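Visitor: This is the structure I want to talk about, given as C-alpha cells.
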Amino acid sequence: MKAKSRGYKADLAFSGVFVFCCLFFIAGFFTSNLFSQEAYGSRQRRRVVETVDSEFTISHGETGDGSISMIPFQVISWKPRAFYFPNFATAEQCQGIINMAKAKLQPSHVLLPKGGTGQANEIRTRYIAFNVLRYEVGQKYLSHYDAIDPERYGPQKSQRVATFLLYLSDVQQGGETVFPYENGLNMDENYDYTKCTGLKVKPHLGDGILFYSLFPNNSIDPTSAHGSCPVIKGEKWVATKWIRDQPDS
Ligand SMILES: *[C@@H]1O[C@H](CO)[C@@H](O)[C@H](O)[C@H]1NC(C)=O
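What the sequence shown shows, in my numbering, is residues 4 to 252, in sequence order.
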C-alpha cells in the first residue's frame, strides 16, 4: 500500500513535470510565433521597397493589419518639424535604387534641379515617383523650399506638404543635409550660404529624414528651408520623395 501510494506520487510528479514541459513548449511556440510575426512585419516592409527594384511597382499601404509593426524614429527638430528614421532601408535596397537610377541616368534624362549641381534623376513607378540625386565632390544644393508659394508662383495643382529623404550612401566628408533656419536661427539677410551652418544631418546609408514644409494650418514653414552642403570626399546618393496634398498626376 505504501509502495503503491509512493508509486502514485511518483506518477503524479511525473505527470506534473510532463504538463510543465508541455506548457513550456506551448509558451515557447507562441513566443516564437510572436517573433516570427514581427519578422514577417519587417519583411513585409522590406518587400515594399524591393518591389521597386524588381517590378517597378509599390503597393499601397494596407489598413487593418493584425499587428503593429514598429518603425523607430527620432525627432531632430520641431522648427521645422523633422524626424529621423534610422535603418529605414537595407544596404541592398539602397544599392537596388542606385542601380535603377544609373540605368536611367542618360544625358537626355538628367534633370538639374534649380540651385542644385548634383545630377538628378526621376524614377517613376506605377504608384509613386521619386527622385534620385547624385552629388560628386564639390557638388551642393543651395538652401531652398520644397513648398511652392502660391502668392509668388500662382495657384498650383498640388502643394508639397512634406519631403522624405533616403540616404542611399554614406559620404566620407561633407554632403550633409542642412536646415540653416532651424529654430529661427540665421534668418537675417547676412546668412552666408557658403558656410553651411545650421542643423546638419550627416548622410548615413539606409537612414531617412522626413520633414514638413507646411505648418498644420497649411502656411509655409519659413524654417523648412534646406540644402545640401558640398561633398568634400566621396559621393552622395539620395532618394527624395515629395509628399503632396493631392495625388500625383
Ligand atoms: C499658421 O501657423 C503658424 C505656426 O503655428 C503661425 O505662425 C501662422 O501665423 C499661422 N498662419 C495663419 C494664416 O494662421
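All residues carry an ideal CB built from backbone N, CA and C; glycine is no exception. Model, not experiment: these values are computed from the prediction.
1) Near ligand 1, which residues have their beta-carbon less than 5 angstroms from any of its heavy atoms, given in chain order?
2) Which residue from Arg84, Gln77 and Ser80 puts its Cα closest to that of Phe218?
3) Keeping to the same chain, check which residues put their C-beta closer than 6 angstroms to that of Gln249; ignore five residues upstream and five downstream.
4) When DSSP labels each residue in this structure, what does Tyr170 get in the three-state scheme?
5) Alpha carbon to alpha carbon, how far is Gly211 from Met73?
6) So the candidates are Gly69, Ile223, Thr243 and Gln77; which of them puts its Cα closest to the Cα of Glu154?
7) Runs of 4 residues minimum, wholly inside the region 184-242: which ones carry the alpha helix (DSSP H) assignment?
8) My assumption, with CB atoms under 8 angstroms, is that Ile246 sits in contact with Phe167. Please give the rounded CB distance.
9) Determine the direct distance from the alpha carbon of Lys198 to that of Asn186, and round the result to whole angstroms.
10) By the 10 Å Cβ neighbour count, where 16 or more other Cβ atoms means buried, how is Gly178 classified, buried or exposed?
11) Would you call the CB atoms of Arg137 and Glu238 closer than 9 angstroms?
12) Specify, as a first and last residue, the run of the alpha helix (DSSP H) that Ile74 falls within.
13) Report the three-state DSSP secondary structure of Gly177 (helix, strand or coil).
14) From this set, Ala92, Ala94 and Phe182, which residue's C-alpha is nearest Tyr148's C-alpha?
15) How many Å lie between Tyr196 and Ser70 at the Cα?
16) Could you round the C-beta distance between Gly201 and Tyr184 to whole angstroms and report it? I think they count as a contact, below 8 angstroms.
17) Which residues does DSSP list as the beta-bridge partners of Ser80?
18) Helix, strand or coil, according to DSSP, for Asn124 in the structure here?
19) Below 8 angstroms CB to CB, which residues in the same chain sit around Ala94 once its five sequence neighbours on both sides are set aside?
20) Pro225 to Asp191, Cα distance in whole Å?
21) Determine the DSSP secondary structure at Tyr148, reduced to helix, strand or coil.
22) Whose C-beta lies closer than 6 angstroms to the C-beta of Ile235 among residues of the same chain, with five residues either side of it excluded?
23) What residues match up with Phe182 in a beta bridge as DSSP calls it?
Guide: Working from what's here:
1) Taking each Cβ in turn, the ones that pass are Phe218, Asn220 and Ser222.
2) When only C-alpha atoms are compared, the closest one is Arg84.
3) Answer for Gln249: Ser161, listed in chain order.
4) Per DSSP, reduced to three states, the secondary structure at Tyr170 is strand.
5) For Gly211 and Met73, the distance between alpha carbons rounds to 15 angstroms.
6) Of Gly69, Ile223, Thr243 and Gln77, the residue nearest in Cα terms is Ile223.
7) The qualifying runs do not exist here; there are none.
8) Contact holds; Cβ gap of about 7 angstroms.
9) Going by the C-alpha atoms only, they are around 18 angstroms apart.
10) A buried status is given to Gly178, since no fewer than 16 other beta-carbon atoms sit within 10 Å of its beta-carbon.
11) A contact, by the Cβ cut-off of 9 angstroms.
12) Under the DSSP assignment, Ile74 falls outside any alpha helix (DSSP H); it carries neither an H nor an E label.
13) DSSP, reduced to helix, strand and coil, places Gly177 within a strand of the structure shown.
14) Out of Ala92, Ala94 and Phe182, Phe182 has the C-alpha closest to the C-alpha of Tyr148.
15) For Tyr196 and Ser70, the distance between alpha carbons rounds to 46 angstroms.
16) Contact flag correct, Cβ pair sits at about 7 angstroms.
17) DSSP output for Ser80 lists Ala85 as bridge partner(s).
18) Three-state result, Asn124: strand.
19) Taken in chain order, the residues that qualify are Leu208 and Gly209.
20) So the alpha carbons of these two residues sit roughly 12 angstroms apart.
21) The DSSP-derived three-state label of Tyr148 is coil.
22) Residues Gln176 and Gly177 of the same chain have their beta carbon placed closer than 6 angstroms to that of Ile235, with the five preceding and five following residues left out of the count.
23) Per DSSP, the beta bridge partners of Phe182 are Leu202.
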